[in-house]
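**Q**
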Amino acid sequence: MHLLEKLREMGNTLKPHQVAILGLDGAGKTCLLYRLKFNSYVNTIKTVGFNWEKVKASSGSAKGKTFCLFDVPGQEKLRALWKTYTRKCDGILYIIDSADSGRFEESKIELAKTARMTGNVPIVVICNKQDLPAAATHDEIMELFNLKKELGQNREWDVVPGCAVTGEGVEEILSHLYDMVLRRNIKQKASKR
Numbered sequence: 110m111h112l113l114e115k116l117r118e119m120g121n122t123l124k125p126h127q128v129a130i131l132g133l134d135g136a137g138k139t140c141l142l143y144r145l146k147f148n149s150y151v152n153t154i155k156t157v158g159f160n161w162e163k164v165k166a167s168s169g170s171a172k173g174k175t176f177c178l179f180d181v182p183g184q185e186k187l188r189a190l191w192k193t194y195t196r197k198c199d200g201i202l203y204i205i206d207s208a209d210s211g212r213f214e215e216s217k218i219e220l221a222k223t224a225r226m227t228g229n230v231p232i233v234v235i236c237n238k239q240d241l242p243a244a245a246t247h248d249e250i251m252e253l254f255n256l257k258k259e260l261g262q263n264r265e266w267d268v269v270p271g272c273a274v275t276g277e278g279v280e281e282i283l284s285h286l287y288d289m290v291l292r293r294n295i296k297q298k299a300s301k302r
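Residues 110 to 302, numbered by the numbering used here, are exactly what the sequence shown covers, in order.
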């Protein structure tokens with residue numbers, strides 16, 4: 110049996126994966142959280158504290174695995190909290206409002222800060238709001254955010270286009286993250302030998 114398959118089997122008995130959902134205010138973090146939890150659109154309001162939900166993945170390689178998802182506020186004055194929620198997390202979902210080009214630079218800076226403070230924690234960058242006509246594409250976000258440089262080669266990362274409102278592209282996000290966490294864990298175990 111392949112090592113990744115063995116680790117997936119072991120994942121059934123391990124504690125839930127801790128995942129921080131980060132991004133600027135208005136990017137769609139809370140909407141994504143509830144899309145992942147209920148597989149339907151939930152109308153949300155601005156997050157003041159934080160939201161968290163236990164979510165069991167329903168498809169892909171993470172099917173049946175449990176994740177504790179922490180939706181952390183994105184308002185500028187509350188971003189200092191991000192460090193608290195990323196300190197012991199297994200992965201990060203970083204949400205970009207791909208239709209709000211006026212905030213791309215701010216989001217790029219916050220993503221770079223997040224990458225620096227989290228070491229090799231896997232990150233899935235989600236280009237949210239792809240249903241809107243003004244949305245930047247996956248490739249445009251990759252280039253504008255200079256993701257190959259900012260996220261580097263020593264970290265597992267991926268960029269996924271999607272829409273938390275319609276659910277497009279959302280179903281496989283947890284599997285992307287789950288696979289990256291497993292690969293990171295394999296690399297860490299191999300480097301300790």
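Every residue gets a Cβ at the ideal spot worked out from N, C-alpha and C, and that includes glycine.
Source: prediction; values computed, not measured.
If you reduce the DSSP assignment to three classes, tell me which class K217 lands in.
**A** Translated into the one-based positions of the sequence shown, residue 217 becomes position 108. Correct three-state label for K217: helix.
**Q** Assuming Y287 is part of the alpha helix (DSSP H), what are its boundary residues?
**A** As a working note, residue 287 is residue 178 in the sequence shown. Unbroken alpha helix (DSSP H) run through Y287: I282 to K301.
**Q** Going by DSSP, which residues form a beta bridge with A129?
**A** What you label residue 129 is simply residue 20 of the sequence shown in a count that begins at 1. BP columns for A129 point to F179 and I201.
**Q** Kindly identify the DSSP beta-bridge partner or partners of I232.
**A** As a working mapping, residue 232 is identified with position 123 in the sequence shown. Its beta-bridge partners are I201 and W266.
**Q** Is E252 buried or exposed, if buried means 16 or more other CB atoms sit within 10 Å of its CB?
**A** Taking the sequence shown and counting its residues from 1, the one referred to as residue 252 is at position 143. The residue is exposed, with fewer than 16 neighbouring Cβ atoms inside 10 Å.
**Q** Assign F147 to buried or exposed, taking buried as 16 or more other Cβ atoms, counted over all protein chains shown, within 10 Å of its Cβ.
**A** In the sequence shown, counting from the first residue as 1, residue 147 sits at position 38. Burial call: exposed.
**Q** If you compare alpha carbons, which of T153, F176, L133 and N152 is closest to I282?
**A** For the purposes of this step, residue 282 is identified with residue 173 of the sequence shown, where counting begins at 1. For I282, the nearest C-alpha among the options comes from F176.
**Q** Note down the Cα distance separating L286 from G200, rounded to an integer number of angstroms.
**A** If you number the sequence shown from 1, residue 286 lands on position 177. If you number the sequence shown from 1, residue 200 lands on position 91. About 7 Å.
**Q** At the level of alpha carbons, what is the spacing between G132 and K301?
**A** Counting from 1 along the sequence shown, the entry for residue 132 is found at position 23. Counting from 1 along the sequence shown, the entry for residue 301 is found at position 192. If you take the alpha carbons of G132 and K301, they lie about 33 Å apart.
**Q** Quick check on DSSP: helix, strand or coil for N121?
**A** For the purposes of this step, residue 121 is taken as residue 12 along the sequence shown, with counting starting at 1. Because N121 sits at a pLDDT of 48, beneath the cut-off of 50, its placement in the model cannot be relied upon, and the point is left open.
**Q** Which residues does DSSP pair with V279 in a beta bridge?
**A** To locate residue 279, count along the sequence shown from 1; it is residue 170. For V279, which the question treats as bridged, DSSP gives no partner whatsoever.
**Q** Can you tell which of M289, H247, N255 and A243 has the C-alpha that lies nearest to the C-alpha of E219?
**A** Walking along the sequence shown from the start, residue 219 turns up at place 110. Nearest C-alpha to E219: N255.
**Q** By Cβ distance below 6 Å, which residues in the same chain neighbour T275 in space, the five residues on each side in sequence not counted?
**A** Your numbering for residue 275 matches position 166 in the sequence shown. Leaving aside the five residues that flank T275 on each side, the residues in its chain whose CB is nearer than 6 Å to its CB run, in chain order, D240.
**Q** With distances taken from CA atoms, which of S167, V279 and C272 is nearest P242?
**A** Counting from 1 along the sequence shown, the entry for residue 242 is found at position 133. Here the closest residue by C-alpha is C272.
**Q** Here's the rule: buried if 16 or more other CB atoms are within 10 angstroms of the residue's CB, otherwise exposed. What is K163?
**A** Start at 1 with the first residue of the sequence shown, and residue 163 comes out as number 54. The residue in question, K163, is exposed, as its Cβ has fewer than 16 Cβ neighbours within 10 Å.
**Q** Looking at the secondary structure, which residues open and close the alpha helix (DSSP H) in which K257 lies?
**A** By 1-based counting over the sequence shown, the position of residue 257 is 148. Per DSSP, K257 belongs to the alpha helix (DSSP H) from L256 to L260.
**Q** Here's the rule: buried if 16 or more other CB atoms are within 10 angstroms of the residue's CB, otherwise exposed. What is I295?
**A** The residue you call residue 295 lines up with position 186 of the sequence shown. Answer is exposed; the Cβ neighbour count stays below 16.
**Q** Rank V233, D134, Y194 and R293 by C-alpha distance to the C-alpha of Q127 and give the top, closest one.
**A** Here the question's residue 127 lines up with position 18 in the sequence shown. Q127 has its Cα closest to that of Y194, out of V233, D134, Y194 and R293.
**Q** Pick from P182, V290 and E277: whose alpha carbon is nearest that of D267?
**A** Indexing the sequence shown from 1 puts residue 267 at position 158. Nearest option by C-alpha distance: V290.
**Q** Buried or exposed, going by whether 16 or more other CB atoms sit within 10 Å of the CB of N237?
**A** Position 128 of the sequence shown holds residue 237. Classification for N237: buried.
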